[in-house]
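Each residue of the sequence shown is one higher than the last, beginning at 38 in the numbering used here.
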Amino acid sequence: MQKNKNSYRFLLSHSTKSTIYIRRFEVSKKLLHSSIAVFILSFGIISLGVAGLVKNNVLAKTDNLAATETAAIVSSTTQTISEPKTIDYSRPAQTENFAANSGGPVLDVQSTEEEAAESENGDIADQIRAIQSKANPEFLPTMWAHLGKINNEFGFRRNPFGGRSYEFHPGMDIDGEKGDTVIAPANGTVIKAGWTGGYGNMIEIDHGNGISTRYGHLSKIEVQVGDSIQRGQLIGLIGSTGRSTGPHLHYELRLNEKSINPRFLLPQEPADLKQ
38 MQKNKNSYRF
48 LLSHSTKSTI
58 YIRRFEVSKK
68 LLHSSIAVFI
78 LSFGIISLGV
88 AGLVKNNVLA
98 KTDNLAATET
108 AAIVSSTTQT
118 ISEPKTIDYS
128 RPAQTENFAA
138 NSGGPVLDVQ
148 STEEEAAESE
158 NGDIADQIRA
168 IQSKANPEFL
178 PTMWAHLGKI
188 NNEFGFRRNP
198 FGGRSYEFHP
208 GMDIDGEKGD
218 TVIAPANGTV
228 IKAGWTGGYG
238 NMIEIDHGNG
248 ISTRYGHLSK
258 IEVQVGDSIQ
268 RGQLIGLIGS
278 TGRSTGPHLH
288 YELRLNEKSI
298 NPRFLLPQEP
308 ADLKQ
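Okay, structure coming up:
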């Protein structure tokens, strides 16, 4: 190859048995450089086009995936809206943190300890026997004011409103439905009838000989203070007023103005009520 300022010269030779042939080619430098530049430019454009095509394909796949996920989310949301959850408004079942159909007043610590100690004292039983020996049986509360399952007995219990605390329960919680009847278990005189703090609507009947009974959480009171009550008479209706988790009767037996276990005078409840 030979070159000058304007071109490149190429000599090509080939021979036969008798002759040698030589050919000369001359290529313009300007044309060659232009061709090389065009080739490089074309290659760059093609490369960019391929890269753009690949990128577009990737973006297209990404868009398709996003569209699919969006459709799935919309479908799920639509399904959730079209199938709303129902709310259960029924009374909660009994659990360790919430006792069904229970309640009662909150007593101060000192009176609680005194009543708890005295209720376990053998002297109480002796006093009850002495009263039974001389009192008119019609004035002794020896029948149930309402027959129902016993949700809470007399004595210490876990707080029915939850938590780990314990409290003294001065009576007995007897299960029932709102509107169930409450009768007087003995003759006596009404000494309280109305709203009384944690008892809600409460009736207290004096039966004489230091014995009285209380009936708490009533939905309706059917007697008035001063009324003379007969054994078996309707005095009120079960409810859930005051400090209560549900409809029931708080029945309380008192001796000399202090609560004692109602079972000192009550007969054993029917076996089917213990189930």
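For every residue, glycine included, the Cβ atom is placed at its ideal position computed from N, Cα and C.
What you are looking at is a predicted structure, and each value in this text was computed from that prediction instead of being measured.
Per DSSP, reduced to three states, the secondary structure at Phe193 is strand.
Membership of Arg201 in any alpha helix (DSSP H) is not indicated, and neither H nor E is assigned to it by DSSP. In terms of Cα proximity to Leu302, the closest of Ala74, Ile165, Asn293 is Ile165. Annotation: the continuous alpha helix (DSSP H) that includes Ser170 extends over 159-171.
Taken atom to atom, the span from the alpha-carbon of Gln270 to that of Ala221 is near 5 Å. When rounded, the separation of the alpha-carbon atoms in Ala172 and Gly234 is 32 Å. The straight-line gap separating the alpha-carbon atoms of Gly263 and Tyr236 is approximately 20 Å. A contact is defined here as three or more CB-CB pairs under 8 Å, and the segment 278-298 meets this definition with respect to the segment 249-260. In the DSSP assignment, Met239 forms a beta bridge with Gly231. Within the same chain, Gly247 come within 8 Å of Asn293 by CB-CB distance, once the 5 residues on both sides are set aside. Annotated three-state conformation of Arg300 is helix, per DSSP.
Taking a C-beta distance under 7 Å as the contact criterion, Gly273 and Ile240 qualify as a contact pair. Burial of Phe191 is indicated by the presence of at least 16 other C-beta atoms within 10 angstroms of its C-beta. If you ignore the 5 residues before and after Gly208, its C-beta comes within less than 8 Å of the C-beta of Gly141, Phe191, Arg251, Gly253, His287, Tyr288, Glu289, Leu290, Ser296, Pro299, all in its own chain and listed in chain order.
In this structure, the CA atom of Asp217 is about 5 Å from the CA atom of Ile275. For the pair Gly283 and Ser277, the Cα-to-Cα distance works out to about 5 Å.
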